[in-house]
Amino acid sequence: YLPTVSMNDLYEQVFPGRPPVIDGLLYAGTYLFVGAPKVGKSFLMAQLAYHVSMGIPLWGYAVNRGTVLYLALEDDHRRLQDRLYRMFGENSTENLYFAVYAKQLNKGLETQLKGFMREHPDTRLIIIDTLQKVREVGGDRYSYSSDYEVIGKLKQFADRHGVCILIVHHTRKQPAGDSFEKISGTTGLSGCADGALIMQKEKRTDGKATLEISGRDQ
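Put into structure tokens, the structure is as follows:
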């Protein structure tokens, strides 16, 4: 049996609205945030998470306030505390939650995320830092089908629950003609995601970084 829906029936369905997380930048769905090691990805993720949890505009973009879950899987509590204190001082927020350990996909991560969302139904943003920490080890994990599958599972969760999942990942070292071809892994990652943000410096010694954005129509 192949489930189908007619165009007339489709037009009659009413879907709940999903306001953007950051208007013009992030919406409900799954996005990659990609950059080279030590380029400042974790600092930017902390800033983005803080702004969403507080409802503070970011770079001129309007922000819809909501609870944020940040899986800082390459940190420990002490390192995380130090970074946050340097960035925000004593200006804390009760809507931003951190975890420095989580299970892998297919081994309990989805159950953990569901449990968090039951406790915090106003969750708007989940940050996974990094993809490598939640994907399974071994097998054909670097094939197109495996890359597509790992993002697909996170996308299904995001779409089902109406949240934005932002996945931190690395760029490849090899040069590429297009910035988005620098995403480490196969095109299955970017092909399944709703969008990608690339953070890069023109020179490694340069203190300035640029952010390029690519996404599907929202």
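First residue of the sequence shown: 2, per this note's numbering; consecutive thereafter.
Glycine included, each C-beta is placed from N, C-alpha and C at the ideal position.
Straight-line Cα distance separating residue j from residue i
i	j	result
V40	Q201	7 Å
V22	A63	9 Å
E95	F34	25 Å
L70	A37	23 Å
W60	Y2	49 Å
R84	L167	20 Å
H171	Y12	41 Å
Q219	N9	At Q219 the pLDDT is 45, less than 50, meaning the model places this residue with poor confidence; the figure from the coordinates comes in the next sentence. Distance between the alpha carbons of Q219 and N9: 23 Å.
F16	R87	42 Å
Y51	Q14	36 Å
K108	E150	15 Å
D47	S147	Position check: residue 47 holds Ala in this sequence, whereas Asp was assumed. Between A47 and S147, the C-alpha separation is close to 29 Å.
Any C-beta of chain C under 8 Å from that of residue i
i	result
L114	Given the protein chain composition of this structure (a single chain), no chain C is represented.
Extent of the continuous alpha helix (DSSP H) run through residue i
i	result
G153	145 to 162
Y12	8 to 13
H78	78 to 89
R1	Since the displayed the chain opens at 2 and closes at 219, residue 1 lies outside it and no answer follows.
Start and end residues, beta strand (DSSP E) containing residue i
i	result
L26	Run containing L26: none; DSSP gives neither H nor E here.
I166	165 to 171
DSSP bridge partner residues for residue i (one or two, in chain order)
i	result
F99	Y71
I57	Paired residue(s): none; I57 is not in a bridge.
I62	As written in the sequence, residue 62 is Tyr, which differs from the Ile given in the question. DSSP output for Y62 lists L59 as bridge partner(s).
L126	V69, C165
Whole-number beta carbon distance between residue j and residue i, since they are thought to touch under 8 Å
i	j	result
I152	C193	4 Å
V169	R125	Not confirmed; about 17 Å, so no contact.
D123	G67	5 Å
L74	Y102	7 Å
K156	G30	7 Å
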